[in-house]
Amino acid sequence: MQMSKMLQPTHPLQLLAGHTVWLLWFCALYAGVSLGCQWFPPSPQQGFWNWISATAGLLSGAILALLLWAAICCWRSFRRQAVRSAGDAQPRPFVAAVAAGLYLLAALATGLVSLTLLLSAPCLQ
Amino acid sequence: MSARRPAAAETPKDPAHLRAEFSRVWVNPRGWRSLSVVNHTAIAYRFLITGTVFFVLAGLMAMLMRTQLALPQHEFVDHKLYNQLFTMHGTVMMFLFAVPMMEALAVYLIPKMIGARDLAYPRLSAFGYWCYLFGGIIILSSLALQMAPDSGWFMYTPLSNAVFSPGRGPDVWLLGITFVEISAVAAGVELIVSILCTRAAGMSLDKMPLFAWYILATAGMIIIGFPPLILASILLELERAANLPFFDVVRGGDPLLWQHLFWLFGHPEVYIIFLPAAGVVSTLVPVFAQRPIIGYRWAVLAVIGTAFISFGLWVHHMFTVGIPQLALAFFSAASMMVAIPTGIQVFVWLATLWYGRPRYSLPMLWLAGFFFIFVAGGLTGVMLALVPFDWQVHDTHFVVAHFHYVLVGGMLFPLIAGIYYWLPHFSGRMPSERVGRWAFWLTFLGFNGTFLIMHWTGLLGMPRRIYTYEAGLGWDLPNLISSVSGFVLAIGTAMMLADIALHFRFGRRADPNPWQSNGLEWVMPLPAPPYNFLTLPTVDSRDPLWSQPALAETLQQGEQLLPEIDHGLRETLGSDPVTARPRQIVHLPTNSWWPLAAAAAIGALCLALLGKVYGMALVATVIAAVCLLRWSWENGAHASSAPLAILRSGPLPLHSRTFDSVGRYGMITTLLASGALYFSLLFAWYYLWAIAPEWLPPAGAPLSWTLSLLAGTAATAACALHTIANLRLRRGVEQQLGVLTGAAALMGTLQLGLMVWTLHHAGLQPTLSAHDALVIVMFAFVGFHTLVAVLATALQCWRVHYGYVSLAVPYEVPVVTPLWSFSAACFWLGWLSIMIMPQVWLG
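If you're matching them up, the sequences are chains A and B in order. The first sequence begins at -12 in my numbering and counts up by one. The second sequence begins at 23 in my numbering and counts up by one.
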């Protein structure tokens, strides 16, 4: 019951969820690439096509999709709530609207940082 | 559940009588008894004045450095003193001025802006102030005693270890800063809880003042951002004092671990300083543009976004230490990314000014200076986020110029704007426009003359932290200009301080709401009374004074909420964190000596550790614990707090008569800080395991399986017992409360015994191996939290006997339950890391 409430687009925790996911992904990416290079470095001849870049790319794609989906859910909820509560002084539409923007910002950050995977092979010093 | 009187007065009392009664209950004693004051207004004044003194001292250090650098081969100060000066200048400005001043402003303003009479934990405010004062005195006295730290404000290892810095300087820094950080974290906890739980009726999240949003984000960042540095300081001090080798490569440590932990704190720190200042800007811009802010939602989005993204940038301070190229690219991209939410805020301010009718009063002038300097600093920040450029200018004066643009532009100018704006609040008088303008232009021109030129000096290759230089390198003229301008800046700053000091005597009397502002802080008489509001307001918009012009009058007539005072208790309204619907009355403790006594004992502990007098340190620890426990005793239904005898009827319960009190929020917020520290510790564990070349794990499990599992079982059982007590109480079952809490305390004691036995049995060699040293620190962390839980629960059991904890006053039980859960979770996470992960990974 509590968990389902927290997952609603109007719950204030949505204001924190997007960037928390981003931060966890970011740390996992940094740690994962560093450890992968430390313990199982791919051959430099493989260039971009190696297991580290592929895994990091897939994870990043999944996180990006998740954040965009969450942004859409919050935005839809905001539109519904805004129509329903026109003239009402409840903060729910506000939370959903800001959460939608924050998910989008987190998705943008994920996309921008992920692009760097295309810049370089993972283990070059 | 016990209920109390109605929140709103049915028959307003005589306002003059009400004011007299409120003044009697909220009075701040004078003379030596004033040391027991806990009221947020008085505490904030003390913070502001102390912070200003530290600012002046750190500014004088800067002047000494600029004098030394004015000429090549100058011999004004020698290299030893110069090293101490730049270390102390940075340390004092960052830890004793910037963060505390911003927190002080928040401590002063937040209750007034959100319609509360005080912060949620007044005694914690006072405790925070004393820790700050004592810590600051300890740090600064090292300079007078000629034992000041000289390794730079970031204290990099190995330079700061016992081999290369054998004196007491780094110890002063490590212990003093940790002491001061108690103050920062305490303020963070109470600001979060106050903003979430004590807002005026009707002030839902979407109507909260933007300053409160900024402070909420900042306080959250303090809670998560400061613990990594606290941990790093503890580890380095243990290395220095007890030879535990966390940063020693030969024995399995790594000096880069310090840099990671330091910058995990250090980069968010920049935003911890900037965001409150941006909150000041967001408060002042609509007032001087004479229109509501444009893009309120965008501003909130930008604040939260900035707060989070700032935690993903720490490695951009470490671009030159040899990190893989791809990782550099991650942090470079994230560093540029943070410009987006920061840019959103700038455009929100510009749009508001564009569509408003700006008045260029004195505070607005300082804001104009902020816009110019901060945007320039932000742009050089984006330049430094580019790795190749950073490599070129790393550790040059370009970096010094950049961060002064960001910090002085992003913090000092808005702070001064804010102080001029709220000056009538402090004194009931207006500042001098004429002197203020002179001070502004001298400061502005002096600042740019000093630091704009310094970009050039840096691009010419002058390294930072050198105490002198050869003539003929092209650095002579820019350094001379910087130094002369530095003195112009100092004159401007001195003029500003003199203007503020003199206005208390000569300033024109301020009218009510002299700037025609929109915020609740202007409904009260000037200067502000200690209780802020005679009756508590109900708000219906983000700009209550513009939408409810008669609000001040109705509040002063005693026609709004919570007007009763004849019970003699200090109170404010407790409200729902989202909707701000009133849900309880928060009783606030009155003046107390315990915060001062506890802080003094911790100060003595700090001095004893510095002097390596460990017997005295133990005594000081016991005294501090006794003070803190006695402080916690005077709560709830205690005779000095809100005894059961004063119950009356009414729709809103007193918070101590509920299960969802501000205390529970405070515990959860504090545990977030502890959790951040523990995750930093786990990071250290996995980092050294993965990176340190000499990390030496034992061939088998380092601890006894049987003993460690028994300790974990005891931890789980203690947690379960307290949880059961909590659940039973929530269901209305009071029987066996004392037995269950007592059993939980006993089980926790058993856990502590088993943990000590486990360590003793393991035969670890902490001075020879970073692995073993970290195992001990992880156990010590869990042990400390378990010990606190045991003491708190034993005390609770005792309070059940006295009737201070019962079904009628249940709030303390749900406060302690999360501590048990946290302690057990940390035990098992640590156990997993120490016992299972190496077995799984290494076979």
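Yeah, the Cβ is synthetic: ideal placement off N, Cα and C, and Gly gets one too.
Task: Buried or exposed by the 16-neighbour rule on C-beta atoms within 10 Å, applied to Q861/B - done: Taking a 10 Å sphere around the C-beta of Q861/B, we find fewer than 16 other C-beta atoms and assign the residue as exposed.
TODO: Use the C-beta contact count for M(-7)/A: other C-beta atoms within 10 angstroms, 16 or more gives buried, fewer gives exposed.
DONE: Under this definition M(-7)/A is an exposed residue.
Open item on the list: Please report the distance separating the alpha-carbon of F176/B from that of L710/B.
Closed with: One C-alpha to the other measures close to 20 Å.
Open item on the list: Please state whether the Cβ-Cβ distance between G5/A and L89/A is less than 8 Å.
Closed with: For the pair G5/A and L89/A, the CB atoms are nearer than the 8 Å cut-off.
Open item on the list: For L22/A and V343/B, I'd like the C-alpha separation in whole angstroms.
Closed with: A direct Cα-Cα distance of roughly 17 Å separates L22/A from V343/B.
TODO: Using only alpha-carbon positions, find the residue among T839/B, L732/B, T789/B, Y824/B that is nearest to A766/B.
DONE: It is T839/B whose Cα lies nearest to the Cα of A766/B.
Task: chain B contact for W9/A (CB, 8 Å cutoff) - done: Yes, W9/A counts as interfacial toward chain B.
TODO: Would you list, in sequence order, the uninterrupted alpha helix (DSSP H) runs of no fewer than 4 residues that lie entirely inside the stretch 14 to 82 of chain A?
DONE: Listed in chain order, they are 38 to 71.
Task: Own chain partners of M23/B with C-beta closer than 6 Å, once the 5 adjacent residues on each side are dropped - done: Residue confidence for M23/B is low, a pLDDT of 36 falling below 50, so the modelled location carries little weight; the figure read from the coordinates is stated next. Residues P675, R679 of the same chain have their beta carbon placed closer than 6 Å to that of M23/B, with the five preceding and five following residues left out of the count.
Open item on the list: Is the beta carbon of V368/B closer than 8 Å to that of V397/B?
Closed with: It is a contact, given that the beta carbons lie within the stated cut-off.
Open item on the list: Please state the DSSP three-state secondary structure of A223/B.
Closed with: Three-state DSSP puts A223/B in a strand.
Task: Residue from A659/B, V778/B, G764/B with nearest C-alpha to V827/B - done: Nearest Cα to V827/B within the set A659/B, V778/B, G764/B: A659/B.
TODO: Using three-state DSSP, classify G596/B as helix, strand or coil.
DONE: Strand at G596/B.
Task: Proximal residues to L197/B (C-beta, below 7 Å), its chain only, five neighbours per side dropped - done: So the qualifying residues of the chain are E259, C628, L631, L632.
Open item on the list: Between the alpha carbons of M358/B and G400/B, how many angstroms are there, rounded?
Closed with: Each residue's alpha carbon lies about 10 Å from the other.
TODO: Check the C-beta distance from A170/B over to Q106/B and give it rounded, since I have them as a contact under 8 Å.
DONE: Contact holds; Cβ gap of about 4 Å.
- [ ] Report all residues from its chain with a CB closer than 7 Å to the CB of G734/B; omit the five preceding and five following residues, and keep chain order.
- [x] Once the five neighbours on either side are set aside, the close Cβ partners of G734/B are F849, W850, W853.
Open item on the list: What does the alpha-carbon distance come out to for the pair A223/B and I246/B?
Closed with: Each residue's Cα considered, the two are about 30 Å apart.
TODO: Determine the chain A residues that contact L227/B at a beta-carbon separation under 8 Å, and present them in chain order.
DONE: Going along chain A in sequence order, the residues near L227/B (Cβ under 8 Å) are P(-1), P78, F81, V82.
TODO: Can you grab the Cα-Cα spacing for the pair F701/B / L796/B, in whole Å?
DONE: Straight-line Cα distance between these residues: approximately 13 Å.
- [ ] Decide if A29/B is buried, meaning its Cβ has at least 16 other Cβ atoms within 10 Å, or exposed.
- [x] For A29/B, the pLDDT reaches just 46, beneath the cut-off of 50, and the residue's location in the model is therefore unreliable, leaving the point undetermined.
Task: Option in G596/B, Q538/B, A184/B, R451/B with minimal Cα separation from R531/B - done: Ranked by Cα distance from R531/B, the first of G596/B, Q538/B, A184/B, R451/B is R451/B.
Open item on the list: If the criterion is Cβ atoms closer than 8 Å, does the pair F61/A and A87/A meet it?
Closed with: Checking the displayed sequence, the identity of residue 61/A turns out to be Cys instead of Phe. It is a contact, given that the beta carbons lie within the stated cut-off.
Task: Straight-line Cα distance separating E543/B from Y137/B - done: According to the sequence displayed, residue 137/B carries Gly and not Tyr. One C-alpha to the other measures close to 8 Å.
Open item on the list: Taking the alpha helix (DSSP H) that Q90/B belongs to, which residues open and close that run?
Closed with: Its alpha helix (DSSP H) spans residues 62 to 91.
- [ ] Would you please verify whether the beta carbon of P109/A is less than 8 Å from any beta carbon of chain B?
- [x] Answer yes: the Cβ-Cβ gap between P109/A and chain B drops below 8 Å somewhere.
- [ ] Find the residues of chain B that neighbour V85/A, judging by a C-beta separation of less than 8 Å, and give them in chain order.
- [x] Going along chain B in sequence order, the residues near V85/A (Cβ under 8 Å) are R319, V322, L323, I326.
Task: Distance between F69/B and Y151/B (C-alpha atoms, nearest Å) - done: Taking the straight line from one Cα to the other gives about 6 Å.
TODO: Note down the Cα distance separating R26/B from L253/B, rounded to an integer number of angstroms.
DONE: Because the pLDDT at R26/B is just 44, under 50, the model does not fix this residue reliably, and the point stays unresolved.
- [ ] May I ask you to list the residues that DSSP assigns as paired with L676/B?
- [x] BP columns for L676/B point to I607/B.
- [ ] State the CB to CB distance for the pair L306/B and Y443/B, rounded to an integer number of angstroms; the pair is presumed to be in contact (CB under 8 Å).
- [x] The pair is a contact, with the Cβ atoms about 6 Å apart (cut-off 8 Å).
TODO: Work out the CA separation of L595/B and A621/B for me, nearest whole Å.
DONE: In this structure, the straight-line span from the alpha carbon of A621/B to that of L595/B is close to 29 Å.
Task: Cβ-based burial, P571/B [other Cβ within 10 Å; buried from 16] - done: P571/B comes out exposed.
Open item on the list: Within 10 Å of its beta-carbon, does S662/B have 16 or more other beta-carbons around it, so buried, or fewer, so exposed?
Closed with: Residue environment analysis places S662/B among the exposed positions, since fewer than 16 neighbouring C-beta atoms fall within 10 angstroms of its C-beta.
TODO: Confirm, please, whether the CB-CB distance from F844/B to L693/B is below 8 Å.
DONE: Cβ atoms of L693/B and F844/B: closer than 8 Å.
Task: First through last residue of the alpha helix (DSSP H) which encompasses A802/B - done: Its alpha helix (DSSP H) spans residues 792 to 824.
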